[in-house]
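Working notes, structure below.
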Amino acid sequence: MATEEPKVENKLAFKTVASYFNSKTNGNKKKTWKSLKQIISSEKTLPWPENTILYSSINAPPSFRPPEKFSDLSGLPAPYTDPATRLRYANKEEYSTILGLPMDITAGYLALRGASSIVGNERSTNAGYTLCAMMRSYIIKWIYKKLLIQMYD
Amino acid sequence: MDLLEFQDLKPSPDIVHSYTPSLRNNSTPIVIDNGSYQCRVGWATSSEPLLVFKNLIAKLRKERYKKENIDSSQIPLLQVGNDIVNIETVRFQLKSQFDKNVVTHFEAQEQLFDYTFSHLGIDNEKVSHPIVLTEAFVNPNSSRQYMTELLFECYNVPGISYGVDSLFGRYFSEPQQENALIVSLGYHTCHVIPVLKHKAVFDNVRRLNTGGHHIITFLHRILQLKYPAHSTSITLSRAEELLHTICEVAISYKEELTKWLDTEYYESHIKKIQLPYTSSVPSSLTLEQQKERKKELARRLTEINARKREERLAEDEDKLTQFLHIQEMFEIGIEGEELENALAEFQLRNIQDLQKNISNLSMRIEKTKAKMKSAKFTDESEEPPVKQVKTNKMVFENEKDLNEYLQNIKKKRQDILNRKLLRKQRKQDMAKRRTAAGQERMRIISQLARKEKGNDDFGLRDEDWDIYKTISKDGGDTDSDAENEKLLELEETIREYEPNELEIVNPGETYQLHVGIERYRAPELLFKPYMLGSSEAGLSEVIAYVLSLFKAEEQFLLASNVVIMGGLSSLRGLKERILSDLISVRPFKSKVNVKIAKNPGLTAWCGAKKWTKNPEFKKKMLTRQMYDEFGSEYFVTHSYSNPFYKTPKGQTIDVEAP
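Chains A and D supply the protein sequences, listed in that same order. Residue 51 in UniProt numbering sits at position 51 of the first sequence, with consecutive numbering throughout. Residue 628 in UniProt numbering sits at position 628 of the second sequence, with consecutive numbering throughout.
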């Protein structure tokens, strides 16, 4: 593999410069590359003619079927949810396992399902929905507090 | 059930291929299928890709590089593609030019092109070959711009032809069929592409942002969570291996799950995978043998000691006789030189010294003899207590008594275990907010706090301290050492009478992964992205959706020729699943046909190669001249490429002028 060695430092025979994009930037400033997300969002802002198909326009539609619930541990259909950890489980054996699980494992299961948001709502991909849910929960808490104070007095 | 083991295949470094004169002089096109998982490269004249490597770069840190000063010159700082010997050791230094299925990081792309061209053996001052390059479906303009710029400015290629991998794939595997519904399963994304009269209907293409990568990471994580102790030995490459060896797509996921509920089915269908482990050898000896060995060792030691003592004794006695001899000489009356010489031989100064020495020696001999006697005595006396320990076992009159005794002990053990569990439960309940125990605790605390400040006599009475006990999270008592000791003792007793009861499992067994439903659960992600928290529709739903965008007769044409391609097509059961899902959404008795493209991973490359043979190819190439004239954004479209939309003016995409 002797032929490979020069490629680290030296420029290759077929190239004009050792590193094209580095040679273009002046000074030590390293070029930062936009992520796909940034590219898409900047693409979206442009006044494209009608019927233009962009990367963002061929996304799959949202699912119209209700998501089924599966146990986080075993994958079996899960009729129950543990209110404390928010984990779904299929039977009592699994529940007893959940009780013994350390925090990082339960958090790992939730993160895997994409349900680890603070509000604990599964459909949290919808930002507006999340905000609504948060507001609602705050208002309910506030009313509850007022009521409690009244009761004690 | 036989055990499976991980192969842990390592990539073999690519060789530098020879740059033959025929390639050099004919400007043979280079065909590159630049996928987000693998890159496949070959000449248009070769029958299959010469280079197949993962599109990855490992940038090793400098400190690490310095440390391995032994043959450090052989380890390059930058490892590309198949040079990466063990991907897991450099997992955190890995870089790819891809963000999902789009090339965004062109510095990395440049390094990968360097690798590509140098391994093709090119040694000219420029790459004087047209490039056929695959790209993502509706690749954003800015991404293609950089690519064009890189290839023309840096490598001085004469021309480029861009194409979409799945369209090339169809061109290769289904050239005569004018209608098809391509289901392309990629590493980061899956595409459903309707093709009517040899033309892709771009409006109705849909992309599912779930792919092989998601399946692998899901499988990886789910196994790590299932076996937290082995989380380091469950690696991504191993998860990938599992996906290709044991994973399957269930034809009906619901039915598959109900089957797994049955223990017998579970036992017979579970895959057991042995992780590598090193067993601890000494455990093979029984307790008896260990004791025996210890005793043997002790005996040998005492033997050695005794022998040493005897030797010393003999030496001393010898010396003593010599000294006595000298003394005799002195007593007889021999004086002068002879006596002086005799004394000097033993480094003695005078007669007094000699006498002192004699008395010392005789005392020592006396002592050693006494010691030897006592050693022999203790040797014999040591035996009885050892035997006493062994006969610790209680003697029972009959079987029934023994059983009763055992039951009693087991019950005690269970009691302790139950108590521990209860305590744990209580502790958890206390810590949580919404449980009855937690609320009771909060109530007590708030009542205590409510008491007026003036007459705070809390703590004067003994009962006040009980409150602390009730509200402390431990519930007043914790797992005490005494209890733990008792538990150990009980277990010891049970083990003594019923050795099989608490038998320790074979060490290899603790290093086994049991992969059951996970085999079906991971590939199911394609059909149920919501299992990962995505709100997108699943693959079958997307296919149905795409079909619904067409007229009835067009739907019929598409559904009768569904072609699956891409790296995931080799998953067992995938074809059947898509077929059965498709039948369920199609009208009764309508024609539905699903097939997998042959050699699904390579179809895109082969199609791109076929394109170079097409008479259209030369005409539809983006040349250097066009690049200079129309700018870096422009490219020539053809029947297997993306459509071209000029980026509207007044935009913000920042591209430096070439």
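Where is the CB? At the ideal position from N, CA and C, for every residue including glycine. The model shown is predicted, which means the values in this text are computed figures rather than measured ones.
Would you call S641(D) buried or exposed, if buried means 16 or more other Cβ atoms sit within 10 Å of its Cβ? S641(D) sits buried, since 16 or more C-beta atoms from the chains shown fall within 10 Å of its C-beta.
Nearest-angstrom Cα separation, counted from A229(D) out to F202(D): For F202(D) and A229(D), the distance between alpha carbons rounds to 49 Å.
Using a Cβ-Cβ cut-off of 7 Å, state whether K15(A) counts as contacting chain D. Interface residue, yes.
Any Cβ of chain A within less than 7 Å of the Cβ of D114(D)? Closer than 7 Å to some Cβ of chain A, the Cβ of D114(D) qualifies, so yes.
DSSP state of F53(D) mapped onto helix, strand, coil: In this structure, F53(D) counts as strand in the three-state DSSP scheme.
Validate contact between the stretch 107-117 of chain D and the stretch 583-603 of chain D using beta carbons, cut 8 Å, 3 pairs: By the Cβ criterion, the stretch 107-117 of chain D is not in contact with the stretch 583-603 of chain D, since fewer than three pairs of Cβ atoms, one from each stretch, lie closer than 8 Å.
Buried or exposed: which applies to N25(D), given that a residue is buried once 16 or more other Cβ atoms fall within 10 Å of its Cβ? Taking all protein chains in view, the Cβ of N25(D) is surrounded by fewer than 16 other Cβ atoms within 10 Å, so the residue is classified as exposed.
Residues sharing a beta bridge with V34(D), DSSP: Looking at the sequence itself, residue 34(D) is Asn, so the reference to Val does not match. Beta bridge pairing from DSSP links N34(D) with C39(D).
Counting pairs of Cβ atoms below 8 Å between the stretch 603-620 of chain D and the stretch 164-172 of chain D, do you hit three or more? Verdict: yes, contact present.
Minimum length 4: unbroken alpha helix (DSSP H) runs contained in the stretch 91-129 of chain D: Counting only runs of 4+ residues, the alpha helix (DSSP H) found wholly inside the stretch 91-129 of chain D occupies 106-119, in chain order.
Is A78(A) close to chain D? Criterion is C-beta to C-beta, closer than 7 Å. Residue-level contact by beta carbon fails for A78(A) and chain D, as no gap is shorter than 7 Å.
Within 7 Å, strictly: CB atoms of V594(D) and A559(D): The answer is no: Cβ separation not under 7 Å.
Should N139(D) go down as buried or exposed, given a rule of 16 or more other Cβ atoms within 10 Å for buried? Buried, by the Cβ-count rule.
Could you confirm whether any beta carbon from chain D is found closer than 7 Å to the beta carbon of I149(A)? So no, I149(A) is outside the interface.
Kindly list, in the order they appear in chain A, the residues whose Cβ is closer than 7 Å to that of D203(D). The answer, in chain order, is I53.
Tell me whether V546(D) is buried or exposed, calling it buried when 16 or more other Cβ atoms sit within 10 Å of its Cβ. Buried is the call here.
Taking DSSP as the reference, what is the three-state secondary structure of Y152(A)? Helix.
So, helix, strand or coil for A180(D), using DSSP? Residue state, collapsed to three classes: strand.
What residue from R86(A), L73(A), N91(A) and T85(A) has the CA that sits closest to P79(A)'s CA? Looking at the Cα atoms, N91(A) is the closest of the given residues.
For D561(D), count neighbouring Cβ atoms within 10 angstroms of its own Cβ and tell me buried if that reaches 16, exposed if not. The displayed chain sequence assigns Asn, not Asp, to residue 561(D). Buried is the call here.
Going along chain A, which residues have a C-beta under 9 Å from T647(D)? Residues of chain A with a Cβ closer than 9 Å to the Cβ of T647(D) are, in chain order, E43, L46 and W48.
Counting only Cβ pairs nearer than 9 Å, list the residues of chain A close to V585(D). Per Cβ cutoff of 9 Å: no residues; V585(D) is ~12 Å from chain A at best.
Which chain A residues sit within Cβ distance under 9 Å of residue 659(D)? In the structure as shown, chain D begins at 1 and stops at 658. Residue 659(D) is therefore absent and cannot be evaluated.
C-beta neighbour in chain D for S63(A), strict 7 Å: S63(A) belongs to the set of residues whose beta carbon lies under 7 Å from a beta carbon in chain D.
Show which residues of chain A have a CB atom less than 7 Å away from the CB atom of P158(D). Below the 7 Å Cβ cutoff, chain A contributes no neighbours of P158(D), its closest Cβ being approximately 13 Å away.
If you run the structure through DSSP and keep just helix, strand and coil, what is P523(D)? The DSSP-derived three-state label of P523(D) is helix.
Below-7 Å beta-carbon distance, P67(A) vs any chain D residue: A Cβ of chain D is located within less than 7 Å of the beta carbon of P67(A).
Bridge-paired residues (DSSP) for F70(A): Per DSSP, P77(A).
Going by the DSSP bridge assignment, what does G163(D) pair with across the sheet? In DSSP, G163(D) forms a bridge with T134(D).
C-beta neighbour in chain D for W33(A), strict 7 Å: It does; some Cβ of chain D falls within 7 Å.
Pick out whichever of T210(D), R40(D), T235(D) and V41(D) has its Cα sitting closest to the Cα of L513(D). The residue from T210(D), R40(D), T235(D) and V41(D) with its alpha-carbon nearest to that of L513(D) is T235(D).
Along the alpha helix (DSSP H) that carries Q512(D), what are the first and last residues, could you check? For Q512(D), no alpha helix (DSSP H) segment is defined; the enclosing uninterrupted segment is the beta strand (DSSP E) at Q512 to V515.
Determine the direct distance from the alpha carbon of L297(D) to that of K356(D), and round the result to whole angstroms. K356(D) and L297(D): Cα-Cα distance of roughly 40 Å.
Helix, strand or coil at Q145(D) according to DSSP, with G and I counted as helix: Three-state DSSP puts Q145(D) in a helix.
Is there a C-beta anywhere in chain E that falls below 7 Å from the one on L101(A)? Included in the structure are the protein chains A and D, with no chain E among them.
Quick test of your reading: L196(D) and E554(D), contact by CB under 8 Å. State the CB separation rounded to the nearest angstrom. Beta-carbon to beta-carbon, L196(D) and E554(D) are separated by about 6 Å, close enough to satisfy the 8 Å threshold.
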